[in-house]
Amino acid sequence: MDGKTLYLVDGSSYIYRAFYAIRNLSNSSGMPTNAIYGFTQMLKKLIEDEDPDLIAVTFDAFDADEHTFRKKLYDDYKANRSAMPDELRIQIPYFRKVVEALNIPIMEQAGVEADDLIATATLQARDIGLGVCIISADKDLMQLLGDGVTMLDTMRGRRYSPDDVMERFAVTPDRVKYVLALAGDTSDNIPGVPGIGEKTGGKLIAEFGDLETLLANIDKVSGKKRKENLTEFADQARLSLELVTLREDCPIIFDTEHLHLSPPNFQALTELFHELEFESVLQDLNRWFKARGWLDDRTIEDLKDSLRDEEITRTDEERKDYSAIYTLEALDALLADIKAAGRVAFDLETTSVDPLQARIVGMSFAYKPNHGVYIPVAHTYEGAPEQLSLKVVLERVAPLLEDPDFPKIGQHYKYEWLVLKRHGVAFRGVTFDTMLMSYVLDPGKNSHGLDTIAFDFLHHRNIKFTDVAGRGKNQLTFDQVPLEKATPYASEDADITLMACDVLLKQLQEEPKLLELHNSLEIPLSRVLGIMELNGVKVDCDILRLLSQEFEVELEKLQDEINVLAGGEVNPNSPTQLREVLFERLELPVKKRTKTGPSTDQSVLEQLSELHPLPRLILEYRSFSKLKGTYVDALPELIHEETGRIHTDFNQAVAATGRLSSSNPNLQNIPIRTDRGREIRRAFIADEGHLLLAADYSQIELRIMAHLSGDPVLLEAYHNGQDIHALTASQIFDVALDTVTSEQRRAGKTINFGVMYGMGPRRLARDLDISMPEAKSYIDNYFERYKGVAAYFEKLVADAVETGYALTMFGRKRLLPTLENKGAGRAFAERAAINTPIQGTAADIIKLAMIDIQKRIEKEHWPARMLLQVHDELIFEIAEDAMAELRPKICSMMEDIVSLNAPLIVESGVGKNWLDAK
DNA sequence: CTCGCCACGTAC
DNA sequence: GACGTACGTGGCGAGT
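Just add 233 to the spot in the first sequence (first one is 1) and you have the numbering used here.
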C-alpha cells in the first residue's frame, strides 16, 4: 500500500442536502444557485482541507425509463419521494459543469445508483491497496466502512469510523445491511419490519448475526408482538435486505492514473463561477491553486481580461443582434428595413463630447428590440477595414433624418442635432428623447444619461465607454476604437435608446401632463437650445486680458501684505492654511465649523475683520482670485476658434425644479452684484452692426407666488403696480407705505425672497444683521399680513406629504420621497415643496416664451438671435436697425405667454455689451 | 498624474 | 441642521 487515499464523493446526496440547507440564493439574472453553491462549497472544502491524492465524484444517473434493479425488484422503491422542485431541476446541469471545470473525474452509469458505484469502487480500491474516504452522510454507505475505509461529511464536519458505526448500530459495518433491512428507511420507502427500528434491529442482529439466522430463530426473540411481526413480515425483510444491499459488481473501469487530482480548467472555471457569481469561492480556490503552483497572478489577470471580452461578445452574440455596415447595398437594405418598421432610434459616434468640435466617426440605428446596426465612417486606426465615406452615408440617410414625418427617437438629441447641423443636415422629426422622458418623469434624479436609463428602466448594464476606449491619459477617441469593440458599443446605444423609449412611454402614458410637457415643451425647447448654443455669444478677449493683468497686480500686492500679517508664506486660497494662521497662530475665535474644521468663509472673515486686519485682506484676495480664476482667465479658453464666440452648453435635464443650467462655461453666474465683478459683463458684446437686448421678468417668482397663493394683499399690490418690497417693509414694520426707509425696503426685499426659500429666522437675522427674536417677529408679521401666502404654503406642504410630490402650474412634477423622513431630510423636502412650484413655474414660463419667440424669429425672419437664458432673463443679439421694432415685440411676447392674476412685467435694456444692456 | 471630495463663491 | 436651484475653482488626499 502506497498510503494514498481515494476520495469518493456522493454527489447526489449533497445536491439535495445543499438545496434544502441553503435557501434563497440566486444570481442577478434570477437563477437559483443555492444547491450549486452548497455543492461547490463541499468540493472546495474537500480540496482545501484534505488535499486529496485521488478523487472522483459519483452521481445517480438513470433515465426515467431505465429503472434500477431496485425499482424492478420493488415497484414502490423511492415512491414516496416527491418530484424534484423546479428550482433544483434547473440547477442540475451545473453540478456536472462545476466538477468538469475542476477537472475531477465523474463516475456514473445508466441504471446504477451512486451508492452502488461507491461500493464497487471502494472494493476495487481496497483490492489495490488504496485507502478510501467516502464523502457522504448516508447511513446506507456506512456498511462499507472498515479497514482503510472511512466516511466524511464535509457539511457537518463529521468523520465516521467503524467504531462510530458500532456505536450507532451495535454491529460491525458489514452487518449494518441486516439492521437496515429490519429497520427500513422511510426516505427510500424501504419497508423493513414494523416495530423494529435501528436500535432494536441492531440488538437483534448483534445477537443472531444475520437476517436469515434471526428469521430461523424467531421463537427466541423476546416480545409477543415483535415475534408476530417478524413472522408476518419475514419476506418483506428479505426484500428490504436486497434493496439495501449495495452492489459491488458494477462494471466500472478503475483507472488510478485518471483519478489523480489535477489542475482545473481555469478558463472554464472562471467563466462558470462568474456566471454563477461565486467570485469569492473562485478567489479562495485560486489561492489554493496558486499555493499548489498551478496558477500565477499573471494568469489570473489574463483570465479576468478574457472574461471582460467574453462579456462583451457574449451579450453581443447570444442575446443581441449587433452588426456593422460596410457596403451601400447593406445600407440601402437597412434604410428599407427602417422605413418598414415605421420608427427608428438614432445615435452618433464622434470624436468629442463637445458638439461644436466633434467629428462624426459613425452612426447607429435601431428599429427593433435587441437589434442594432452601426455604420462606421471614420475609424482610422492602423488596420481598420475600409468603410463607407461620411459623405455618401449622409447623402443616403439625410432624407430619413430630415423627414419631419418619420418618427425618430434620440437620447439627448440636441447633441445629434448640433453635430448634424454642422454637417448640413437638419435633424427633424424627433418625437421622443429618452433623456427628456426620464427627466420629466423624475427631474430629481442625478443622472438621465443612457447608462442610468438602461439600468433603471431596462435593468441592463451598458457596455461602458471606458471599456471600449480606455480611461485617463490614454483614452482613445472613438475613431481609434477597433470595430470589434465599437460595433457592439455603438449598436447598443441605439438599441437601448429604442427599448428604453418603449418603457418610458408606457410610464408617461400614465401621466398625460408629463407626456405633454415632454412633447410640447422639452422636445421643441431642445432645438431652441441647440440654436442658442450654435449662436454663441461674442466675447472681447482684450477686455478680459486687461482685467486679468489688473487683477494679477492686485493679487500680488495682497499676497505680500497677507504674508507679512500672517508671519510667513500662506496661500489664501487654502482653507487648511488659513485655519492654521487664523485660529492657531493668531488665535482668533472660531465662529463656525465645517465637516473638516473651523470655517474660513466670507461671513466668518467679515466677523473676524473687526478683530484683526488680516481677514479683510483675505476677503479682498478671495474676491479677486475668484473673478480671475473663474471668469477672466477661464472664459478666453472657451472661445471657439472659428466663431470667436463662446458657446455654452444649456443643460436641459439637470435641475430638479425644471430650470435650465449652463456649463462650459456657466454663463448663468456671471458677476453682477459687485462693481468690480460686473465689469466682466463688458466683455460680452454684440457683433458689428448689432446690439444686445437683455429682457428680464421683473420679480417673476414673487408674482407667481402671488398668483398661485391668491393672496389678496399681494395681488392688489401687483395689480396697482406698487413697489412690492416697500409694501412688505410697511407690513412687517407696521409703518405707512410712504414712510418706508431705504433700509426698511432692503429688509422687505430680503424677506420677500427669503420666505420663498423657506428661510428661517437665524438666516434672516444674519443677513439683516439683527437679533434672532427680531427676525422671527418679521417672519411672523409677514405671514400674519400675507395670510393667503401662509395658507398656500401650508397647503403645498400638506399636498406634498399626501401625494409625495410637488407640482408646477404646468404639471411638472418633482418627487419628494424624503418627506417621509424625520428631521433634516423632512425639513429640506418641506422647503422644496414650497419652492419648487414657484421656481419651477417660472422655469416653465420662460421656456414657453423661448419656444414661441424662436419660432417667430424664424417665421418672420427677424434679424435677431437668441443667445442666453439666465432663469428670468433672455439675451438677444439684434441688428441695430431692427432693435426699436423688435424690442417691444419680444417683451410683450414674454409678458403674454401666460396670463397671471399678478401680471408679468418684462424690463429690458439695450447696449453694445451685456453690462450696458442691463 | 488622475480622480473625487471639500470649501468656497458666483448667479437667479 | 439652520435658504431654494445651479456650476466651477483651487486645495487636498487617495489612488493610479
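We put the beta carbon where it would ideally sit given N, CA and C, even for glycine. Since the model is a prediction, treat every value here as computed from it, not as a measurement.
Same chain, Cβ closer than 7 angstroms to residue i, neighbours up to 5 away in sequence not counted
| i | result |
| --- | --- |
| M234 | For M234, the predicted structure reports a pLDDT of 48, less than 50, and the residue's modelled location is therefore unreliable. A value from the coordinates is still provided. Taken in chain order, the residues that qualify are G362. |
| T876 | G769 |
| D554 | N603, H604 |
| E766 | L651, H880, T881, D882, F883 |
Cα-Cα separation between residue i and residue j, rounded to whole angstroms
| i | j | result |
| --- | --- | --- |
| S1152 | G991 | A question about residue 1152 goes unanswered here, because the residues of the chain that appear run from 234 up to 1151. |
| E475 | L515 | 43 angstroms |
| S622 | N707 | 27 angstroms |
| T405 | D443 | 11 angstroms |
| A889 | P1050 | 13 angstroms |
| L374 | S394 | 12 angstroms |
| M938 | I1071 | 6 angstroms |
| I325 | L241 | 20 angstroms |
| R849 | K825 | 17 angstroms |
| S895 | Q901 | 6 angstroms |
| G830 | R906 | 30 angstroms |
| R915 | I872 | 16 angstroms |
| R391 | L385 | 6 angstroms |
| I918 | W1095 | 19 angstroms |
| I965 | D638 | 58 angstroms |
| T433 | V398 | 15 angstroms |
| N752 | P745 | 10 angstroms |
| T710 | A702 | 7 angstroms |
Span of the beta strand (DSSP E) around residue i
| i | result |
| --- | --- |
| V404 | First-last for V404: undefined, no H or E at that position. |
| V365 | 364 to 368 |
| L1107 | 1106 to 1112 |
| Q1102 | 1097 to 1102 |
| K771 | 770 to 772 |
| G987 | Looking at the DSSP string, G987 is not in any beta strand (DSSP E); the run it does join, the alpha helix (DSSP H), is 975 to 989. |
| S807 | Taken as a continuous stretch (DSSP letters only), S807 belongs to no beta strand (DSSP E), as it is neither H nor E. |
Neighbourhood of residue i by C-beta, 6 angstroms cutoff - its chain only, sequence neighbours within 5 removed
| i | result |
| --- | --- |
| F1016 | A1023 |
| K453 | none |
| D1149 | none |
N-terminal and C-terminal residue of the alpha helix (DSSP H) that residue i is part of
| i | result |
| --- | --- |
| I1086 | 1057 to 1092 |
| P869 | 867 to 870 |
| Y854 | 847 to 859 |
| D517 | 512 to 524 |
| M732 | 716 to 742 |
| L948 | 945 to 952 |
| H958 | 957 to 966 |
| Y247 | 244 to 254 |
8 angstroms Cβ shell around residue i - same chain, five flanking residues per side excluded
| i | result |
| --- | --- |
| A687 | H693, R694, N695, I729, A733 |
| I1090 | A1097, R1098, M1099 |
| E794 | L850 |
Residue i, DSSP secondary structure in three states
| i | result |
| --- | --- |
| L1048 | strand |
| L494 | coil |
| E820 | coil |
| K654 | helix |
| F917 | strand |
| Y1019 | coil |
| M388 | coil |
| P265 | strand |
| N796 | helix |
| T881 | coil |
| H831 | The question names His, but residue 831 in the sequence shown is Pro. P831 falls in the strand class under three-state DSSP. |
| R892 | coil |
| K1145 | coil |
| E550 | For E550, the predicted model reports a pLDDT of 46, less than 50, meaning its position is unreliable and no value from the coordinates is stated. |
| M317 | coil |
| T238 | strand |
| V673 | helix |
Cβ-Cβ separation, residue j to residue i (assumed contact under 8 angstroms), whole Å
| i | j | result |
| --- | --- | --- |
| R629 | Y600 | No, R629 and Y600 are not in contact; Cβ-Cβ is about 16 angstroms, not under 8 angstroms. |
| R978 | A1008 | That pair is no contact at about 17 angstroms. |
| N462 | V426 | 5 angstroms |
| I367 | L377 | 7 angstroms |
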